[in-house]
Each structure stands twice: as structure tokens, then as C-alpha cells.
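Sequence lines, in order, name chains A and B.
Under my numbering, residues 1 to 106 are what the first sequence spells out, in order.
Under my numbering, residues 107 to 212 are what the second sequence spells out, in order.
Number of protein chains: 2
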Amino acid sequence: MPDTSSPDEHPTLGLDDVVHQRTRLGILSLLRDGASMQFGVLRETLRLTDGNLNRHLKVLVDAGLLESTREEGKGRTRTWVTITPAGRAALDAEIAALRALIGAHD
Amino acid sequence: MPDTSSPDEHPTLGLDDVVHQRTRLGILSLLRDGASMQFGVLRETLRLTDGNLNRHLKVLVDAGLLESTREEGKGRTRTWVTITPAGRAALDAEIAALRALIGAHD
């Protein structure tokens, strides 16, 4: 997901909807340091329903930005979510575009 | 459109989809200094189609964040778009939330 914007372009042209969407930006942001997080922790932190979180996770996993693994336990299954290198790069590009946008407002 | 987030909450919970959406954020950002802009200038700067720009302008006008006026000229009509005080406040709240998000990444 390369940043194809040039310095002449408006900073919002460098934003990618897959990453910029509010909830997905929250998910990537929480995972950015590389630690895995449990599904339930993401859901509570971002105040989502199971369905809503699942929908956004699917978009991010399909785009190769996250990986999700299931841990079979005693009678329950836990889902862990981790950012991929591509996800980290995409989030960094988003943050750079947001910095440019905010900089234009200073 | 008050900012209902608390300092304990993840910054993305303070984002409003009406303002945060990539194209609408671009429109509000271009209008933030209060000057009116012509429809065609917004369309070219943000590389939109007429239909796409119209759709996003309608969302922003319906939310009270923009005003649009039509200027009847010699054989052509020009549409001018201006940010409202509510639009300026909503954009400032968005920028504050983005600053908090970026600050968490520093």
C-alpha cells in the first residue's frame, strides 16, 4: 500500500479508506507496537459489538494488515489479533498523511 | 457536535464519521480559513467527480457544517461553498482527536 501522494497534493489524497476508517484506525493503532491483543479487549476498548469488530477485522485481515489466530482452551476459544509488517507500514503512512493535514492547520 | 470523549478513552472514539471520512475531511480542511470556494475548485483539488463531490457536500450541508450558494451568471451557474461556525468547530474537534491519536504514537 504505497503512499502515492506528491507534496503538491492535498494531504487527504494520501489517506487510504481501509486504514483511515475510524474503527479500523483504532484497531491498527492499538496493535501498532506489535503485541497481540485478544478479541474481547479490542471490543471493549473500542466499544464495539462482536459483529462490528468481526466485520472490520475481516477487512483488515483480507488486506493483509492483520493476522488473527484462534487459541483453543478449556471449553472456550480465544481469538488473538496481531498487526503484520504491511499493517504497520500502512498505519505509518496514514499517520504521516495526518501529520501533513494537521501541519497545514498550524 | 460536542466532543464526548474522556481522556481515558481511545482517541478514535472522539472521531465523528461525518467529519472523519476522507473526502469530507478534505473539503472541510480546504474551507477552514472561512473563504468561499467554487464547486469546481474543490472537485479538482480533491480529484472528485461531480457526483461524488455533490454527495459529500449534501452530507455536510445536511449536518449544518457547510453552506452552499448558487450564483447565476451569463449562461452558467456557479456554486460556492463556505464552512459554517459549526463546521469549523467540528473540524477543530476532529483535528484535536487526531492530534491525540498521533501523540500516542510518538
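In this text, a Cβ means the ideal position worked out from N, Cα and C, and glycines have one as well.
Here the structure is a predicted model, which is why all the values come from computation and not from measurement.
- By the C-beta density criterion, Arg176/B is exposed, having fewer than 16 other C-beta atoms within 10 angstroms.
- Per DSSP, Glu173/B is one residue of the beta strand (DSSP E) stretching across 172-178.
- Residue environment: Ala86/A is assigned as exposed (fewer than 16 neighbouring CB atoms within 10 Å of its CB, all protein chains considered).
- Check the Cα spacing between Leu172/B and each of Ala196/B, Arg153/B, Leu204/B, Thr183/B: the tightest is with Ala196/B.
- Against chain A, the beta carbon of Ser135/B has neighbours under 9 Å at His10, Pro11, Thr12, Leu101, Ala104, His105, listed in chain order.
- Annotated three-state conformation of Thr77/A is strand, per DSSP.
- With at least 16 other beta carbons inside 10 angstroms of its own, Thr129/B counts as buried.
- The Cβ atoms of Leu137/B and Ile189/B sit closer than 7 Å to each other.
- Boundaries for Leu13/A: no alpha helix (DSSP H) harbours it, and the DSSP string shows neither H nor E there.
- For Thr185/B, there are no C-beta contacts with chain A under 8 Å, since the nearest C-beta of that chain is about 19 Å from it.
- Relative to Gly40/A, the option among Ser68/A, Ala63/A, Asp33/A, Val61/A whose CA is nearest is Ser68/A.
- Exposure of Gly209/B is indicated by the presence of fewer than 16 other C-beta atoms within 10 angstroms of its C-beta.
- Per the DSSP secondary-structure output, Gln38/A pairs in a beta bridge with Trp80/A.
- Any Cβ of chain B closer than 7 Å to the Cβ of Thr84/A would place that residue at the interface, and such an atom is absent.
- Look at the region 160-185 of chain B: it has no residue with a C-beta under 8 Å from a C-beta of chain A.
- Excluding the 5 residues flanking it on each side, Leu148/B has same chain C-beta neighbours closer than 7 Å at Ile133, Leu136, Leu159, Val187, in chain order.
- Within the same chain, Cβ atoms closer than 7 Å to the Cβ of Thr118/B are found at Leu207, the five residues on either side in sequence being excluded.
- At least one beta carbon of chain B lies nearer than 7 Å to the beta carbon of Asp17/A.
- Of the other Cβ atoms in all chains shown, fewer than 16 fall within 10 Å of the Cβ of Gln144/B; this residue is therefore exposed.
- Within the region 143-161 of chain B, contact with chain A at the beta-carbon level (separation under 9 Å) is assigned to Thr151, Leu152, Arg153.
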